[in-house]
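Heads up: the structure comes next, in structure tokens.
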Amino acid sequence: DAGVTQSPTHLIKTRGQQVTLRCSPKSGHDTVSWYQQALGQGPQFIFQYYEEEERQRGNFPDRFSGHQFPNYSSELNVNALLLGDSALYLCASSLVGLIYEQYFGPGTRLTVT
Amino acid sequence: DAKTTQPPSMDCAEGRAANLPCNHSTISGNEYVYWYRQIHSQGPQYIIHGLKNNETNEMASLIITEDRKSSTLILPHATLRDTAVYYCIVRVARGGSNYKLTFGKGTLLTVNP
Numbered sequence: 004d005a006g007v008t009q010s011p012t013h014l015i016k017t018r019g020q021q022v023t024l025r026c027s028p029k030s031g032h033d034t035v036s037w038y039q040q041a042l043g044q045g046p047q048f049i050f051q052y053y054e055e056e057e058r059q060r061g062n063f064p065d066r067f068s069g070h071q072f073p074n075y076s077s078e079l080n081v082n083a084l085l086l087g088d089s090a091l092y093l094c095a096s097s098l099v100g101l102i103y104e105q106y107f108g109p110g111t112r113l114t115v116t
Numbered sequence: 213d214a215k216t217t218q219p220p221s222m223d224c225a226e227g228r229a230a231n232l233p234c235n236h237s238t239i240s241g242n243e244y245v246y247w248y249r250q251i252h253s254q255g256p257q258y259i260i261h262g263l264k265n266n267e268t269n270e271m272a273s274l275i276i277t278e279d280r281k282s283s284t285l286i287l288p289h290a291t292l293r294d295t296a297v298y299y300c301i302v303r304v305a306r307g308g309s310n311y312k313l314t315f316g317k318g319t320l321l322t323v324n325p
């Protein structure tokens, strides 16, 4: 049983560009959350998707957007990249009834130059 | 969410028990204590959670004080692979519209040979 998978593993972008990160949840999971983790800090919640809708959003600007597909996979899009967007982006999946038992992927390391 | 306080770092000898404390003096009656850990360069991993009774699973034991103002995560026989940042999170398990996990800085546990 594959766990949560994310792609790509690493990514280098230039300021002002746009990026799309992808996540496939653990088999059987229906909810996907995205987190941003800066170096030396704990993960910070970006948003969560359930039934293809954004269910909750953290304190992130509208440059951060997402999508969930009918097969529960998800994308995170970031527009107009800033240097401060450099971080590890983590995807976590869960069952809607066990929302705090989240299974995390390995993350995508984004570097903005 | 109840605020949690954890020591920034701890050391443990391999094969010995690791006892990681967490203070959550403002915890409410319907809030659970969750523990996650993050091994370097990996996504966080769910370990265990509990409400008021002690809990044990294949990874660890969770001891919650009778007044629920603090808890201890116990790794009974720590190995080098248990070196990680351990996060204590307090959340309502069900209900409401707040679905996110709020990570602090956690405790860096270093298991020494």
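If you're matching them up, the sequences are chains Z and C in order. In terms of my numbering, the first sequence opens at residue 4 and continues consecutively. In terms of my numbering, the second sequence opens at residue 213 and continues consecutively. We put the beta carbon where it would ideally sit given N, CA and C, even for glycine. Only a predicted model underlies this, so the values are computations on that prediction, with no experimental measurement involved.
Please tell me whether residue i and residue j are closer than 7 Å, where the distance is taken between their beta carbons.
{"i": "Pro46(Z)", "j": "Leu93(Z)", "result": "yes"}
{"i": "Asp229(C)", "j": "Ile286(C)", "result": "This sequence places Ala at residue 229(C); Asp is not what is there. Against a cut-off of 7 Å, the Cβ pair of Ile286(C) and Ala229(C) comes out as a contact."}
{"i": "Ala290(C)", "j": "Gln250(C)", "result": "no"}
{"i": "Gln51(Z)", "j": "Gln39(Z)", "result": "no"}
{"i": "Ser76(Z)", "j": "Ser36(Z)", "result": "no"}
{"i": "Glu85(Z)", "j": "Leu14(Z)", "result": "The amino acid occupying residue 85(Z) in the given sequence is Leu; Glu does not appear at that position. Contact: no."}
{"i": "Val302(C)", "j": "Thr216(C)", "result": "yes"}
{"i": "Thr23(Z)", "j": "Gly108(Z)", "result": "no"}
{"i": "Thr284(C)", "j": "Asn231(C)", "result": "yes"}
{"i": "Phe63(Z)", "j": "Ile49(Z)", "result": "yes"}
{"i": "Phe315(C)", "j": "Tyr299(C)", "result": "yes"}
{"i": "Gly255(C)", "j": "Gly31(Z)", "result": "no"}
{"i": "Lys29(Z)", "j": "Gly61(Z)", "result": "no"}
Measuring only the C-alpha atoms, how far is residue i from residue j?
{"i": "Pro288(C)", "j": "His261(C)", "result": "17 Å"}
{"i": "Ala41(Z)", "j": "Asn242(C)", "result": "31 Å"}
{"i": "Leu79(Z)", "j": "Gly19(Z)", "result": "16 Å"}
{"i": "Asp234(C)", "j": "Pro325(C)", "result": "Note on identity: in this sequence residue 234(C) is Cys, with Asp being the wrong assignment. Their Cα atoms are separated by approximately 25 Å."}
{"i": "Lys281(C)", "j": "Leu263(C)", "result": "11 Å"}
{"i": "Thr12(Z)", "j": "Gly318(C)", "result": "25 Å"}
{"i": "Lys16(Z)", "j": "Thr116(Z)", "result": "6 Å"}
{"i": "Asn209(C)", "j": "Asp33(Z)", "result": "Residue 209(C) is absent from the structure shown; chain C starts at 213 and stops at 325."}
{"i": "Asn310(C)", "j": "Ser240(C)", "result": "15 Å"}
{"i": "Leu91(Z)", "j": "Leu321(C)", "result": "21 Å"}
{"i": "Ser89(Z)", "j": "Lys312(C)", "result": "22 Å"}
{"i": "Tyr53(Z)", "j": "Gly43(Z)", "result": "29 Å"}
{"i": "Phe67(Z)", "j": "Thr238(C)", "result": "33 Å"}
{"i": "Val304(C)", "j": "Glu55(Z)", "result": "24 Å"}
{"i": "Leu87(Z)", "j": "Ser253(C)", "result": "The amino acid at residue 87(Z) is misidentified as Leu; the sequence shows Gly. The straight-line gap from Cα to Cα measures roughly 20 Å."}
{"i": "Gln218(C)", "j": "Cys224(C)", "result": "16 Å"}
{"i": "Met271(C)", "j": "Ala83(Z)", "result": "42 Å"}
Can you name the start and end residues of the beta strand (DSSP E) that residue i belongs to?
{"i": "Glu78(Z)", "result": "77-81"}
{"i": "Met271(C)", "result": "From DSSP, Met271(C) is part of no beta strand (DSSP E); its letter is neither H nor E."}
{"i": "Phe50(Z)", "result": "47-53"}
{"i": "Ile286(C)", "result": "282-287"}
{"i": "Asp223(C)", "result": "221-225"}
{"i": "Val245(C)", "result": "243-250"}
{"i": "Asn231(C)", "result": "230-235"}
{"i": "Phe67(Z)", "result": "67-71"}
{"i": "Ala95(Z)", "result": "90-97"}
{"i": "Glu56(Z)", "result": "56-60"}
{"i": "Ala5(Z)", "result": "Run containing Ala5(Z): none; DSSP gives neither H nor E here."}
{"i": "Gly262(C)", "result": "257-262"}
{"i": "Tyr298(C)", "result": "296-304"}
{"i": "Ser36(Z)", "result": "34-40"}
{"i": "Arg25(Z)", "result": "22-27"}
{"i": "Arg18(Z)", "result": "Taken as a continuous stretch (DSSP letters only), Arg18(Z) belongs to no beta strand (DSSP E), as it is neither H nor E."}
Residues of chain B with a CB under 7 Å from the CB of residue i: which are they?
{"i": "Pro256(C)", "result": "Checking the listed chains, one finds no chain B in this structure; the protein chains it contains are Z and C."}
Just confirm the distance between the C-beta atoms of residue i and residue j, as a whole number of angstroms; I'd bet it's less than 8 Å.
{"i": "Tyr106(Z)", "j": "Ser96(Z)", "result": "5 Å"}
{"i": "Ile161(C)", "j": "Tyr248(C)", "result": "Residue 161(C) is absent from the model: chain C starts at 213 and stops at 325."}
For the stretch 52-80 of chain Z, enumerate the residues whose C-beta is nearer than 7 Å to any C-beta of chain C, in chain order. Arg58, Gln59, Gly61
Just by C-beta distance, which residues in the stretch 261-276 of chain C are closer than 9 Å to chain Z? His261
In chain order, what residues of the stretch 85-96 of chain Z put their CB closer than 9 Å to some CB of chain C? Leu91, Leu93, Cys94, Ala95
Residues in the stretch 26-48 of chain Z having any Cβ partner in chain C nearer than 9 Å: Thr34, Ser36, Tyr38, Gln40, Gly43, Gln44, Gly45, Pro46, Gln47, Phe48
Could you list the residues in the stretch 232-253 of chain C with a C-beta less than 9 Å from some C-beta on chain Z, going in chain order? Tyr244, Tyr246, Tyr248, Gln250, Ser253
The stretch 7-24 of chain Z: positions lying closer than 8 Å to chain C by Cβ: Val7
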